[in-house]
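Okay, so here's the structure we're looking at.
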Amino acid sequence: MAKPIIYFIELAVAQKPKYICEISEKLYNLGKQIHIFTSEKKDGRFLDQLLWTWKQDSFIPHSLSDENEETDAVQICTVALPATAAEALILFDPLSPEPFEAYSMIIDFAETYDKQKLNASRVRYKQVRDSGRFEVRFLKLGAFLGQDM
1379 MAKPIIYFIE
1389 LAVAQKPKYI
1399 CEISEKLYNL
1409 GKQIHIFTSE
1419 KKDGRFLDQL
1429 LWTWKQDSFI
1439 PHSLSDENEE
1449 TDAVQICTVA
1459 LPATAAEALI
1469 LFDPLSPEPF
1479 EAYSMIIDFA
1489 ETYDKQKLNA
1499 SRVRYKQVRD
1509 SGRFEVRFLK
1519 LGAFLGQDM
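Just so we're aligned, residue 1379 is where the sequence shown starts under the numbering used here, counting upward by one.
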């Protein structure tokens, strides 16, 4: 079995919610099941609203996993990840790597616009790289969105 791939996407500006929508749209259009993790319910509700309104000509079926038992293509997971399987995990907030092996693709962010967040992402990058359990790639957002998967 292939190692899960962790993509660290460089964010040079503080627009992570918008970029999560773009990444979700790309993965949804490829037919992937997606979990988006946030540690705060308020952020989950914000992403829920944003996925409805961020782009007029886009529709991404999604739900908040703690409010809806249905399995939509995209589940916004607050506080904990659901037991249901998905192919991709997008991290709005950092998460310990223990559940990563249940996914084939994990999206994390290197927020280079903020020194503290950048340093924290470097620690996460080193941790998953040194574990040997994952394939780790560092990309700019445009390179990630433009690649074939």
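Ideal Cβ positions, reconstructed from N, Cα and C, are used throughout, including at glycine.
field: Leu1442 beta carbon less than 8 Å from that of Asp1421
entry: no
task: Tell me whether Glu1513 sits in a helix, a strand or coil according to DSSP, three-state version.
output: Here Glu1513 sits in strand by DSSP.
query: Counting Cβ pairs, one atom from each stretch, are 3 or more of them under 8 Å apart for the stretch 1469 to 1486 and the stretch 1409 to 1424?
result: yes
message: Please classify Pro1439 as buried or exposed, where buried requires at least 16 other C-beta atoms within 10 Å of its C-beta.
response: exposed
field: Spatial distance of Ala1464 from Lys1493 (CA atoms)
entry: 32 Å
- request: Please check the pair Arg1515 and Glu1479, which I expect to be a contact at CB under 8 Å, by giving their CB distance rounded to whole angstroms.
  value: Not confirmed; about 17 Å, so no contact.
message: Which complete beta strand (DSSP E) runs does the stretch 1383 to 1457 hold, if anything under 3 residues is left out?
response: Listed in chain order, they are 1383 to 1389, 1412 to 1416, 1440 to 1442, 1452 to 1456.
task: Would you list the residues sitting across from Glu1489 in a DSSP beta bridge?
output: When DSSP reads this structure, Glu1489 sits in a beta bridge with Leu1389.
- request: Check the DSSP bridge columns for Ala1466 and list the partner residues they point to.
  value: Ile1412, Met1483
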